[in-house]
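Below: the structure, in structure tokens.
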Amino acid sequence: HGAKATYIHSDLNTVERADALKSLQNGTIDCLVGVNLMREGIDLPQVSLVAIMSADCEGFLRSETALIQMVGRAARNVNGNAIFYADKVTPSMQRCLDETERRRSRQIEYNEVNGLKPISTTGSEIKSIFDIFREEANTESLSNSVEWSRMPKKDVSYASPKPSLDPTITELVYNLPAKPGIYKWYANKEDRFPLYIGKAKDLKKRCKNYLTGKDSRPRINKMMEGVKWVEVVIT
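Heads up: the sequence shown is residues 1302 to 1536, going by this note's numbering.
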């Protein structure tokens, strides 16, 4: 029908997924297709329609909670709608419909009492952390690998890093500024795509927590065993 679409799937890396969301956001495409979009960060005010195929296939992806989360992806748009494609109404679908109606009734009542008129979320295009890395950054805002050697040695009496970690990454982290920003962990210096990207109010403290095991999540500890490089953007 002439609609432009793209597909989010498990073979896409983090940056490619962000690009797909950005394409939907800026109108390059009309439709984003995926198996389970409630997990893909589809929380954009531009989303006006959520279509759920095989909504009557009871299971984790079509449970009451999952359905409520998915239809909620259209909640930031005043013209938002959700369509269930199904041959029957399952108990999960009915509970989702009942809960949605309950919430809508409460919201309408609140709006009437307070004289509010619903409008869609407005404003400039939302930027992801990936956009920050793509933009031209001021030299004082970007701390990259070529600057590490010029940074003065800092006090390293914080906590002992895990002995299994590469000494290079330990030195880089201890020299980080205690400022807000975005950090990227890499398996090696030449990697194009990071293992992990995060934001922190204090880059030095957050990254030290990773090194010393204060972030005790198993997947984080496993990731850190392969980390050899870090880059940051001060925001």
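Ideal Cβ positions, reconstructed from N, Cα and C, are used throughout, including at glycine.
Bridge partners of residue i, per DSSP?
{"i": "Phe1494", "result": "Paired residue(s): none; Phe1494 is not in a bridge."}
{"i": "Gly1335", "result": "Ile1309"}
{"i": "Ile1384", "result": "Ala1352"}
{"i": "Tyr1487", "result": "Trp1530"}
{"i": "Ala1501", "result": "Gly1482"}
Quick one: does the C-beta of residue i sit closer than 8 angstroms to a heavy atom of the ligand GTP?
{"i": "Lys1389", "result": "What this structure holds is no ligand at all, so the ligand GTP is not there to describe."}
What number of angstroms, rounded off, separates the C-alpha of residue i from the C-alpha of residue j?
{"i": "Gly1335", "j": "His1310", "result": "6 angstroms"}
{"i": "Thr1536", "j": "Asp1331", "result": "32 angstroms"}
{"i": "Ala1488", "j": "Met1354", "result": "38 angstroms"}
{"i": "Lys1485", "j": "Leu1496", "result": "7 angstroms"}
{"i": "Gly1416", "j": "Ile1521", "result": "48 angstroms"}
{"i": "Leu1598", "j": "Glu1359", "result": "Only positions 1302 to 1536 of the chain appear in the structure, and residue 1598 is not among them; the question remains open."}
What do you reckon, are the CB atoms on residue i and residue j nearer than 9 angstroms?
{"i": "Arg1374", "j": "Val1351", "result": "yes"}
{"i": "Asn1380", "j": "Ser1406", "result": "no"}
{"i": "Trp1530", "j": "Lys1505", "result": "no"}
{"i": "Val1533", "j": "Gly1482", "result": "yes"}
{"i": "Arg1363", "j": "Thr1391", "result": "yes"}
Using the three-state DSSP reduction, which class does residue i fall into: helix, strand or coil?
{"i": "Lys1418", "result": "coil"}
{"i": "Ile1409", "result": "helix"}
{"i": "Ile1535", "result": "strand"}
{"i": "Ala1583", "result": "Residue 1583 cannot be examined here, being either before or after the span of the chain that is shown, 1302 to 1536."}
{"i": "Arg1403", "result": "helix"}
{"i": "Leu1512", "result": "helix"}
Report the option in the options whose CA atom is closest to the CA atom of residue i.
{"i": "Ala1356", "options": "Pro1346, Val1348, Val1372, Leu1345", "result": "Val1372"}
{"i": "Gly1499", "options": "Tyr1308, Glu1365, Tyr1511", "result": "Tyr1511"}
{"i": "Gly1328", "options": "Asp1312, Arg1507, Leu1313, Leu1345", "result": "Leu1345"}
{"i": "Arg1377", "options": "Glu1400, Pro1419, Pro1392", "result": "Pro1419"}
{"i": "Glu1526", "options": "Lys1480, Tyr1475, Thr1471, Val1414", "result": "Thr1471"}
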